[in-house]
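Enquirer: Quick note, this note's numbering runs 271 ahead of the 1-based positions in the sequence shown.
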Amino acid sequence: MDVGFIGIGIMGRPMVLNLLRAGHRVHVWSRREASLAEVVHAGAVAQASAAQVAAQVDVVISMVADAPDVEQVALGPQGVAEGARQGTVFIDMSTIAPSAARDIAARLHKRGITMLDAPVSGGEKGAIAGTLTIMVGGDESAFARVRPVLEAMGRTITYIGGSGAGQVTKACNQILTGVGIAIVAEALNFARASGVDAARVREAMLGGSAASKVLEDHGQRMLDRNFKPGFKAWMHRKDLKIVLDEAHRMGIPTPASAIIAQLLNALVGAGEGEADSISMLKMLERMSETRHEA
Numbered sequence: 272m273d274v275g276f277i278g279i280g281i282m283g284r285p286m287v288l289n290l291l292r293a294g295h296r297v298h299v300w301s302r303r304e305a306s307l308a309e310v311v312h313a314g315a316v317a318q319a320s321a322a323q324v325a326a327q328v329d330v331v332i333s334m335v336a337d338a339p340d341v342e343q344v345a346l347g348p349q350g351v352a353e354g355a356r357q358g359t360v361f362i363d364m365s366t367i368a369p370s371a372a373r374d375i376a377a378r379l380h381k382r383g384i385t386m387l388d389a390p391v392s393g394g395e396k397g398a399i400a401g402t403l404t405i406m407v408g409g410d411e412s413a414f415a416r417v418r419p420v421l422e423a424m425g426r427t428i429t430y431i432g433g434s435g436a437g438q439v440t441k442a443c444n445q446i447l448t449g450v451g452i453a454i455v456a457e458a459l460n461f462a463r464a465s466g467v468d469a470a471r472v473r474e475a476m477l478g479g480s481a482a483s484k485v486l487e488d489h490g491q492r493m494l495d496r497n498f499k500p501g502f503k504a505w506m507h508r509k510d511l512k513i514v515l516d517e518a519h520r521m522g523i524p525t526p527a528s529a530i531i532a533q534l535l536n537a538l539v540g541a542g543e544g545e546a547d548s549i550s551m552l553k554m555l556e557r558m559s560e561t562r563h564e565a
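1. Name the DSSP beta bridge partners of Ser392, please?
2. Taking the alpha carbon of Leu582 as the reference point, which residue from Lys381, Ile367 and Val330 has its own alpha carbon closest?
3. What are the start and end residues of the beta strand (DSSP E) that includes Ser528?
4. Could you give the C-beta distance for Ala355 and Ile384, rounded to a whole number, given that I count them as a contact under 8 angstroms?
5. I'd like the list of long-range same chain contacts for Val229, defined as Cβ closer than 8 angstroms, with 5 residues on each side in sequence excluded.
6. Is there at least one Cβ from chain B nearer than 8 angstroms to Val287's Cβ?
7. Can you give the Cα-Cα distance for Ala565 and Gly466, rounded to whole angstroms?
8. Are Asp388 and Ser434 closer than 8 angstroms when you measure CB to CB?
9. Just to confirm, are Ala532 and Leu511 a CB contact at a threshold of 8 angstroms?
10. Applying the criterion that 16 or more other CB atoms from any shown protein chain within 10 Å of the CB defines a buried residue, is Asp340 buried or exposed?
11. According to DSSP, is Phe283 part of a helix, a strand, or is it coil?
12. In three-state terms, what does DSSP make of Arg426?
13. Would Ile523 be called buried (16 or more neighbouring beta carbons within 10 Å of its own) or exposed?
14. Give the straight-line distance between the Cα atoms of Asp329 and Ala293, rounded to the nearest whole angstrom.
15. Tell me, please, whether the region 473-490 touches the region 502-522 by the rule of three or more beta-carbon pairs shorter than 8 angstroms.
16. Give the secondary structure of Gly358 by DSSP, where H, G and I count as helix, E and B as strand, and everything else as coil.
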């Protein structure tokens, strides 16, 4: 299948490579031309704009930072809507507000383009391995048509419901992972401050009711002092702001999300915005003057 891909960053690059490995013909565009080199070398075809990408394909994927970027890519000058044929499916795999996804989908629908919101979980590691969790909202028949494309990038692919439902699911995911990272960091810092081997504490907890994917994966990275960004702290802060804004709009309480958002604010303010969000451990260590081994 001919597939377009817009946004070749930490996540987008391995996703394109997996599409190519699956046999899809991929046309690409990115605002930073230098980021295209690896995927073009692997067989992707570079285009001069999002509109030119859309003109070549039946399915266009975007993987960009936030709602204004999606809107620009989809509906701005030289955007997807200017080049797409009637019936094109636009799959946005970014993380944006559900309300923004619904608005962009409605405006694209007037142009004869069907939008699916299909955010992902799994980070850079999952993008490289092709094991992303993909949560999809939008037209179910369009989802059925493009499922083979999604299967090239993800392992767990779930159709959730109508437009915006994928982004609602991703918001829930970010609540859980944000809280999970914070409490794992807090627990490991508590153990170390108490003079106990944090690695052994983690090992014990993995065998009990406190076990979780976050404790297993991110907890090990914290112990390894591996703060290389698989998911940058500033992006996690952005995602929690989506949760808080949507909750405010609906008039519902999200107290845990509010606390984690403040911790992420502090982390970004401390100059760790480009590091992984698990750098929250370092912030807690500084606050408590906990010593750690290099």
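Beta carbons are placed, not taken as given, at the ideal position from N, Cα and C, and that holds for glycine.
Predicted, not measured: the structure shown is a model, and the values here were computed from it.
Expert: Answer, in terms of the structure:
1. Thr404
2. In the structure as shown, the chain starts at 272 and stops at 565, and residue 582 therefore has no counterpart that could be examined.
3. Taken as a continuous stretch (DSSP letters only), Ser528 belongs to no beta strand (DSSP E), being part of the alpha helix (DSSP H) at Pro526 to Leu538.
4. 5 angstroms
5. This structure leaves residue 229 out entirely; the chain is present only between 272 and 565.
6. Protein chains in the displayed structure number just one, and chain B is not present.
7. At Ala565, the pLDDT of 41 sits below 50, so the modelled position is not reliable and the matter cannot be decided from this model.
8. yes
9. yes
10. buried
11. Checking the displayed sequence, the identity of residue 283 turns out to be Gly instead of Phe. Here Gly283 sits in helix by DSSP.
12. strand
13. exposed
14. 17 angstroms
15. no
16. coil
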